[in-house]
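Here's the structure, in structure tokens; my notes come after.
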Amino acid sequence: MLGDLHRLGSHPSPFQAFTALSKIYGDIFSLKLGASSCVVVNTFPLIKEVLITRGTHFGGRPDFLRFHALFGGDRNNSLALCDWSSLQKTRRSIARLYCSPRFASSNYGNLNKVGVTEMDFLMIQLESQIGTDGDVNIKPLLLAACGNMFSQYMCSTRFNYTDPSFQILVRRFDQIFWEINQGYVVDFLPWLQPLYKKHLNKLSSWAHEIRQFILERIIEEHRLTLDPDSPPRDFTDALLMHLEQDSTMNWEHIMFELEDFLGGHSAIGNLAMLVLAAVVHHPEVGIKIQEEVDKVTRSERDINLFDKPDMPYTEAVILETLRTTSSPIVPHVATQTTKIADYTIDKGTVVFLNNYELNTGENYWNEPDLFKPERFLSNGRVIKPEHFIPFSTGKRTCIGQRLVKGFCFIMVGRLLQKYNVSAKDISEIKTYPACVALPPDTYNLRFTPRNI
Ligand code: HEM
2 MLGDLHRLGS
12 HPSPFQAFTA
22 LSKIYGDIFS
32 LKLGASSCVV
42 VNTFPLIKEV
52 LITRGTHFGG
62 RPDFLRFHAL
72 FGGDRNNSLA
82 LCDWSSLQKT
92 RRSIARLYCS
102 PRFASSNYGN
112 LNKVGVTEMD
122 FLMIQLESQI
132 GTDGDVNIKP
142 LLLAACGNMF
152 SQYMCSTRFN
162 YTDPSFQILV
172 RRFDQIFWEI
182 NQGYVVDFLP
192 WLQPLYKKHL
202 NKLSSWAHEI
212 RQFILERIIE
222 EHRLTLDPDS
232 PPRDFTDALL
242 MHLEQDSTMN
252 WEHIMFELED
262 FLGGHSAIGN
272 LAMLVLAAVV
282 HHPEVGIKIQ
292 EEVDKVTRSE
302 RDINLFDKPD
312 MPYTEAVILE
322 TLRTTSSPIV
332 PHVATQTTKI
342 ADYTIDKGTV
352 VFLNNYELNT
362 GENYWNEPDL
372 FKPERFLSNG
382 RVIKPEHFIP
392 FSTGKRTCIG
402 QRLVKGFCFI
412 MVGRLLQKYN
422 VSAKDISEIK
432 TYPACVALPP
442 DTYNLRFTPR
452 NI
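Residues 2 to 453 in my numbering are what the sequence shown spells out, letter by letter.
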């Protein structure tokens, strides 16, 4: 009844268990988790085969009850958790233009403007919250700043940091982000559902609160001012216009797509927290970022996104943080009976892609346990090995990666431009293996103004 579930419990993260099991059973092995047949794929060539060569055979997602609870009773409402379909193709293509802006496009310019302006607001807020010893509960502030960057960029509206409904919105998104990054046995043992009823109801109610806010505070105003004869003002307009033009899209699809993308801000806020944690653990990293910022700005102005090409070290620090935290690739599911290498994979098999091994394996990196941003630098330029795929690859690759790199760069660069970051008690900085999420309530950091 439990299958091999007990084999995953002996490590802090199931991905560490996958790596340990691959040493015994090889690069690809199967597991029975509750009633689900699963396959774990552990090397880059095999992962590429699943995601690219046979990507069309592996476009499904697992049918976890939690996923349904978060998306109005149907996980197919979610972009990340739905099975592949023509609707998904349409939703991805609407999003790509706005959520994946190309360098030098007008949307990229807008991304920069939004990020820089929001950092001005954040710096004022931060200054007002720094205690006498420099200690700040920084996570809610970073998340609120990211939340505003997203709502300004996608919906042309931002909220006051002290607005109680906005504070709750940001908190609910963060709680869901933490939640979605956890594995629960009920995912594989649906008969445990009665025991998790309260938990699943809580998830639904968080999601409901978010939806109400988006509807009342964002969409309604947009609908009233939409001009169908003018080009879309932003992503929200583009979605609303699409609703008029495409009979396969309905109101729910629009709502959930906007919610999904706005929710992406939590990932960036959590990642920025992890970058700052790395800086605290490795003060020399913070110093090098500051040297780079001072050089490009000549200490005369604030940094912006167009400084990124001249700040490869800062970008490398973000990449090294992505490598060392190693956020899992969402499991894929075989939508037809197919093969991986010479093994037959039955339709419905859940496929875990062990990118933790790609990010930390001795076969892929020198001294993988060390935090070394320099590994991503060559002759003053950023280089990424082919096997480094923190955003996955193939047809379901992450759509938000340009927003991640852009907004995270602006946040980290600007914070370190102005402050030295440390911690009152470094032992309180707890991060989690193979997880980009931190618990909603987590470590404080200490911000000391730089003397420049
Ligand atoms: C730390 C930041 C982030 C990381 C490490 C990350 C990573 C990933 C990964 C590994 C996947 C799974 C791809 C697959 O299954 O093959 C994914 C999917 C996705 N991501 Fe991200 N992501 C991040 C932030 C974001 C943000 C900010 C957004 C939105 C603005 C976003 C939107 C999506 C969407 C919509 C999908 C689903 C795509 C699909 O299934 O078709 N992500 N992401």
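Note that beta-carbon positions come from the ideal geometry of N, C-alpha and C, so glycine has one too.
Small disclaimer: the values here were computed from a predicted structure and weren't measured.
In this structure, H58 sits near T339, with a CB-CB distance shorter than 7 Å. Under the Cβ criterion (8 Å, minimum of three pairs), the stretch 437–452 counts as touching the stretch 407–423.
Under the three-state reduction of DSSP, R218 is assigned to helix.
Contact between the stretch 54–68 and the stretch 357–367 is not established, with fewer than three Cβ pairs separated by less than 8 Å.
Per DSSP, F151 has no beta-bridge partner at all. In the displayed model, L80 falls within coil according to three-state DSSP, outside both helix and strand.
Of the other Cβ atoms in all chains shown, fewer than 16 fall within 10 Å of the Cβ of A105; this residue is therefore exposed.
Taken through DSSP and simplified to helix, strand or coil, D308 comes out as helix. At the C-beta level, A438 and N182 come within 7 Å of one another. Secondary structure at G4: strand, using DSSP grouped into helix, strand and coil. Contact between F214 and S166 is confirmed by a C-beta separation of about 6 Å, below the 8 Å threshold. For C39, the enclosing beta strand (DSSP E) stretches over residues S37 to V42. For L80, the distance from the CB to the nearest heavy atom of the ligand HEM is below 6 Å. The beta carbons of C100 and V351 sit no closer together than 7 Å. Rounded to whole angstroms, the gap between the alpha carbons of G27 and R173 is 40 Å. Between the stretch 35–55 and the stretch 352–360, the count of C-beta pairs closer than 8 Å reaches three or more; the two stretches touch. Taking non-hydrogen atoms of the ligand HEM into account, the C-beta of I411 is found less than 6 Å away from none of them. Burial is judged here by how many other beta carbons sit within 10 angstroms of a residue's own beta carbon; N251 has fewer than 16 and is exposed. Our two residues, E316 and K309, have alpha carbons roughly 7 Å apart in a direct line.
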